[in-house]
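Visitor:
Protein chains: 4
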Amino acid sequence: MVGEARMVLVTGATGGIGTAVCHQLAGSGYPLVLAARNEAKLKTLSDELTGDGHVWLQLDMTNDQSIRQFGEELAARRITLDGVVLMPPQAHSTNDPMPGADAWRALFQNCFIGPLEVLKAAIDRMNPDPVNGRRAKIVIISGISSAQVLGRYATSNVLRCAWIGEAKTLAFALGARGIHVNTLSLGGTLSPWYREGIEKRADAVGITFEQRLAEETANIPLGKYGEPAEVAVAVEGLLSRFSDHMTGLNIMHDGGFTRSY
Amino acid sequence: MVGEARMVLVTGATGGIGTAVCHQLAGSGYPLVLAARNEAKLKTLSDELTGDGHVWLQLDMTNDQSIRQFGEELAARRITLDGVVLMPPQAHSTNDPMPGADAWRALFQNCFIGPLEVLKAAIDRMNPDPVNGRRAKIVIISGISSAQVLGRYATSNVLRCAWIGEAKTLAFALGARGIHVNTLSLGGTLSPWYREGIEKRADAVGITFEQRLAEETANIPLGKYGEPAEVAVAVEGLLSRFSDHMTGLNIMHDGGFTRSY
Amino acid sequence: MVGEARMVLVTGATGGIGTAVCHQLAGSGYPLVLAARNEAKLKTLSDELTGDGHVWLQLDMTNDQSIRQFGEELAARRITLDGVVLMPPQAHSTNDPMPGADAWRALFQNCFIGPLEVLKAAIDRMNPDPVNGRRAKIVIISGISSAQVLGRYATSNVLRCAWIGEAKTLAFALGARGIHVNTLSLGGTLSPWYREGIEKRADAVGITFEQRLAEETANIPLGKYGEPAEVAVAVEGLLSRFSDHMTGLNIMHDGGFTRSY
Amino acid sequence: MVGEARMVLVTGATGGIGTAVCHQLAGSGYPLVLAARNEAKLKTLSDELTGDGHVWLQLDMTNDQSIRQFGEELAARRITLDGVVLMPPQAHSTNDPMPGADAWRALFQNCFIGPLEVLKAAIDRMNPDPVNGRRAKIVIISGISSAQVLGRYATSNVLRCAWIGEAKTLAFALGARGIHVNTLSLGGTLSPWYREGIEKRADAVGITFEQRLAEETANIPLGKYGEPAEVAVAVEGLLSRFSDHMTGLNIMHDGGFTRSY
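Protein chains in written order, with the working numbering: chain A, 1 to 261; chain B, 262 to 522; chain C, 523 to 783; chain D, 784 to 1044.
If you want it as structure tokens, here you go:
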């Protein structure tokens, strides 16, 4: 699927979903720029990936200086990016519909402003040539609260919506340069962290993991949560020729859960 | 339309649209709490309004201390609110799809965090009794970029979307208490400020105001921009029994411009 | 609210919701054209309404000839309409996602083609003058499956969506003439017929009506189903100056149930 | 990308977009069932395709008997389908917002009821086994008027919306069996037929094809119409593992044209 090497930046690379994305992309021949907070984990991941040419860079998206250094490093290494998989840090789940001003300031900083600065630095390293078929693809990983209110993730609703506004704005602003911006909005996904949550909820009522999973997925048309590997395949699709005439989309990856047309 | 006095807070009361809203509501017998930055203008407006019982309070939504004092004043005066018309300050129009981090911090503070703090203070002063038919109504004034990207108002797209996320979250969180939260999203509206813009654009190409207006509204099904007085009637409707079974809605006030279903 | 007499056609006038709409509008001074299948019921309703100038016309929306006669009668009586409240007959509830071709043909005929012919006849009798502030308003009563799939009402999903497409098309086509087309999409509404259903479901599991109602409305933010009287107030609002700058909207009347933004 | 042979039905196979889809899928190793009206064209297409195992069946979706025979033929040949690419015939473009009853009856019959009967026959030949990873994928080709009103294609708006309602209903109804239903909504696509239209519009004003194309695509973020080959790649993606956790989606293939979020 990859002709000449198309380098892709993956943020949150060492997380449950990020790792799956990296393995999928590396397996398909993409050289990667791995970014995450923990250097030891980055090094381990980098070593495990198939393929050559991977690079890792420490990055803390909640830290202005770290973001600046990250951008400088991309430039210093003369890295040209053909793709970005951006995973903005998630807001901590809460049921508070009206957090205080300080909480909002931290949320916007860490989950929107910081990651957007990273994205800007990455866009600066893109050099697409759409006339000759070389298109650059940005995939923003979001959640289904980008399309519908989820009571459980109150503050997340706002940040997901803010990103949809920015993604669409960028799609319109960057389309003429051959830079595409699409969003993949995840429903429940069986990352190690999410599995733990199900396990806890199962334990709390004295049923098995499989029983609890069946209960939680009963109202999902496909009858299942997503697997990180499924997310990874979807991300690769959005980076590929599949999306050559698509931009500004918000694609649900939720087993059909979303009811609005 | 008003049985017992139902007090309504209007922020941005002295602006072009706010003034029209205040006159409409006062004319229908609502006692008002007028909030805006400029005390002289507040006093003038208050004097011009028909009806009794209006109160005005200085409020700068971009200033934490002003917001805190405003909330304390509402409490000190033992004001009970049955309605709020919240007009978050608008982001300055720009075509920059990726403003810097400082610009974003200011925008989120002034156009989201601050106004949300004001709204929280107002909600604290609501005491609805839905079982006995007394419902409290919040109307958030937004713009049509809450439903579709508008290239001209790039940063506004994000803030409008963020507010839609918050409005829906609040609608779900507060519905059981009998507090409704609906959004009215304005298309082009002929406030004095907006008229000036049309005049400038007309002058720039040497045509009349009416010619320019006809051109700008040619792609609007109803063939016109909104009038502040039309906005005011719509706001009064959303505060009235009209919305007794509606919450979490985002209603376009745009002459039919929006093409999505 | 009504200056000169503004005549409004209400179809399905003798049904649970139609009756409430007629009483509300007649009480506000609108002379009505009542249309429904059953002449005896029409006569009774007409006699019960306050105000003068009401007219009733027998109409079977599933019958081409009845529709033609209805249109001819409107013309023969030189009726000018300022408003229409169109209630297309509902598809019979079913869980069949793929009814046979004959079922579809009947559904499209009775629930879309026939009612649209009625609407066309009514539009022929409109003579708005928007420059002088006389606007004609069409309100189409639909259901929330116009905005989200409801498994229980499988075929209804298709018809509701088809109507949204037509309503928006009409809004764009007729806006310049000063004819507005908005849709009010009802969630659960406590019409006599709907109350019976709740009663049956309560009986089936041996609980009271109130208990069953509480269960069914637990996931509705406002904690209740709509009342026909609330629908009637909302319809009157959409016929009034409230909607003078609104057309092509699909407004949910569902207590906040809909989760999509 | 294809493990064991996964047979895919393509309707409208001999059209401009259908042909591109067939070549793409055949090139990737899918054995195909080609369906269209013209036997000679079907035979020619079948001979041109790479790969083995292709079958062609004459089918007129506007003819009840042809549809019945088609279904019987699928069964008689014991064909098992893993995918369907359904292209419902398009409504003839028109600007009439209120066609007559006869026109509607023909439109619903030819563009909805007939194609849905074909789809039902195809679903009867699906035998997915999701537990073992064998999922069946339906892709419905629609247009962007499924998401927004397009004045030029007035009746098309209704039919596209009706299909979105049915597609979502089927996604919910069939998900548990491992059958996915997604819609790909095309914006302007440079099929031979569409190219002719541009040529005509260019000739009419005395400019070149390329000039006219540039004008028409100026408001599309990616600055271009889609190519049939791009549609084909997107269709293949939706049939592939890409969509293993996606169903009920309506994906725009429009170069970013759609402005709603």
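For glycine and all other residues, C-beta sits at the position ideal for the given N, C-alpha and C.
Using the three-state DSSP reduction, which class does residue 95/A fall into: helix, strand or coil?
Guide: Note: residue 95/A maps to coil in three-state DSSP.
Visitor: Rounded to whole angstroms, what's the CA-CA distance from residue 201/A to residue 215/A? Just pull it up for me.
Guide: In a straight line, the C-alpha of residue 201/A is about 11 Å away from that of residue 215/A.
Visitor: How do the segment 745-755 of chain C and the segment 541-551 of chain C stand: do at least 3 beta-carbon pairs fall below 8 Å, yes or no?
Guide: Because the criterion of three Cβ pairs below 8 Å is met, the segment 745-755 of chain C and the segment 541-551 of chain C touch.
Visitor: Verify whether the separation of the beta carbon atoms of residue 558/C and residue 593/C is less than 8 Å.
Guide: Result no, Cβ atoms of residue 558/C and residue 593/C do not sit closer than 8 Å.
Visitor: What are the residues that DSSP puts in a beta bridge with residue 937/D?
Guide: BP columns for residue 937/D are empty, so no partner.
Visitor: Under 9 Å Cβ-Cβ, which residues of chain C neighbour residue 847/D?
Guide: Ordered by position in chain C, the residues that pass the 9 Å Cβ test against residue 847/D are 623.
Visitor: Under the assumption that residue 782/C contacts residue 148/A (Cβ atoms under 8 Å), give the Cβ distance between them as a whole number of angstroms.
Guide: Confirmed, about 5 Å.
Visitor: Would you say residue 147/A faces chain C, with C-beta separation under 8 Å as the test?
Guide: It does: the Cβ of residue 147/A has a partner Cβ on chain C nearer than 8 Å.
Visitor: Within the continuous beta strand (DSSP E) that includes residue 924/D, where are the two ends?
Guide: 919-926 is the extent of the beta strand (DSSP E) around residue 924/D.
Visitor: From the beta carbon of residue 293/A, is the nearest beta carbon of chain C less than 8 Å away?
Guide: Because chain A is modelled from 1 through 261, residue 293/A falls outside the range shown and cannot be assessed.
Visitor: From residue 894/D to residue 903/D, what distance separates their C-alpha atoms?
Guide: For residue 894/D and residue 903/D, the distance between alpha carbons rounds to 15 Å.
Visitor: How would you call residue 56/A, buried or exposed, if buried means at least 16 neighbouring beta carbons within 10 angstroms?
Guide: Residue 56/A comes out buried.
Visitor: Alpha carbon to alpha carbon, what distance is there between residue 324/B and residue 104/A?
Guide: For residue 104/A and residue 324/B, the distance between alpha carbons rounds to 15 Å.
Visitor: Going by DSSP, which residues form a beta bridge with residue 1009/D?
Guide: The partner list for residue 1009/D (beta bridge, DSSP) reads 972/D.
Visitor: Can you name the start and end residues of the beta strand (DSSP E) that residue 531/C belongs to?
Guide: Residue 531/C -> beta strand (DSSP E) spans 530-533.
Visitor: Could you give the first and the last residue of the continuous alpha helix (DSSP H) run that contains residue 819/D?
Guide: Careful: residue 819/D lies outside any alpha helix (DSSP H), inside the beta strand (DSSP E) at 815-819.
Visitor: Since residue 866/D is in the beta strand (DSSP E), which residue starts that stretch and which ends it?
Guide: Its beta strand (DSSP E) spans residues 866-869.
Visitor: Out of 154/A, 144/A, 181/A, 157/A, which one is the CA nearest neighbour of residue 189/A?
Guide: If we check each option's Cα against that of residue 189/A, 144/A comes out closest.
Visitor: Which word fits residue 236/A, buried or exposed, when buried means at least 16 other C-beta atoms lie within 10 angstroms of its C-beta?
Guide: That one is buried.
Visitor: Could you tell me how far apart the beta carbons of residue 168/A and residue 418/B are, in whole angstroms, since I believe they sit closer than 8 Å?
Guide: With a Cβ gap of about 7 Å, residue 168/A and residue 418/B count as contacting.
Visitor: Where do the ends of the alpha helix (DSSP H) carrying residue 21/A lie?
Guide: Counting along the chain, the alpha helix (DSSP H) containing residue 21/A begins and ends at 16-27.
Visitor: Can the beta-carbon of residue 495/B be found closer than 8 Å to that of residue 764/C?
Guide: The answer is yes: Cβ separation under 8 Å.
Visitor: Would you say residue 1041/D and residue 958/D are within 8 Å of each other, going by their C-beta atoms?
Guide: Going by C-beta atoms, residue 1041/D is not nearer than 8 Å to residue 958/D.
Visitor: Can you name the start and end residues of the beta strand (DSSP E) that residue 838/D belongs to?
Guide: Here the beta strand (DSSP E) through residue 838/D covers 838-841.
Visitor: Please compile the residues from chain A whose C-beta is within a distance smaller than 8 Å of the C-beta of residue 418/B.
Guide: The contacting residues are 165, 166, 168, 169.
Visitor: Residue 868/D CB to nearest chain A CB: under 8 Å?
Guide: It does not: the Cβ of residue 868/D has no partner Cβ on chain A nearer than 8 Å.
Visitor: Quick one, which of 994/D, 918/D, 945/D has its alpha-carbon nearest residue 963/D's?
Guide: Nearest of 994/D, 918/D, 945/D to residue 963/D, Cα basis: 918/D.
Visitor: For the beta strand (DSSP E) containing residue 512/B, list its first residue and its last residue.
Guide: Start and end: 511-514.
Visitor: So if I threshold CB-CB distances at 9 Å, which residues from the segment 366-385 of chain B count as touching chain D?
Guide: Within the segment 366-385 of chain B, no residue has a Cβ that lies closer than 9 Å to any Cβ of chain D.
Visitor: Using a Cβ cut-off of 8 Å (strictly closer), state whether residue 590/C contacts chain B.
Guide: It does not: the Cβ of residue 590/C has no partner Cβ on chain B nearer than 8 Å.
Visitor: Does the beta-carbon of residue 1001/D have 16 or more other beta-carbons within 10 angstroms, so that it is buried, or is it exposed?
Guide: Label assigned to residue 1001/D: exposed.
Visitor: Let me make sure I understand the geometry here. Which of 767/C, 775/C, 774/C, 776/C has the alpha-carbon closest to that of residue 516/B?
Guide: Comparing Cα positions, the closest option is 767/C.
Visitor: Drop a sphere of 10 angstroms on the beta-carbon of residue 613/C, count the other beta-carbons inside from all chains shown, and report buried for 16 or more, exposed for fewer.
Guide: The residue in question, residue 613/C, is buried, as its Cβ has 16 or more Cβ neighbours within 10 Å.
Visitor: Classify residue 129/A as helix, strand or coil using the three-state DSSP reduction.
Guide: Three-state DSSP puts residue 129/A in a strand.
Visitor: Please go through the same chain and pick out, in chain order, the residues whose beta-carbon is closer than 7 Å to the beta-carbon of residue 725/C, but skip the five residues on each side of it.
Guide: Hits under 7 Å: none found.
Visitor: Quick one, which of 992/D, 811/D, 974/D, 878/D has its alpha-carbon nearest residue 832/D's?
Guide: Looking at the Cα atoms, 811/D is the closest of the given residues.
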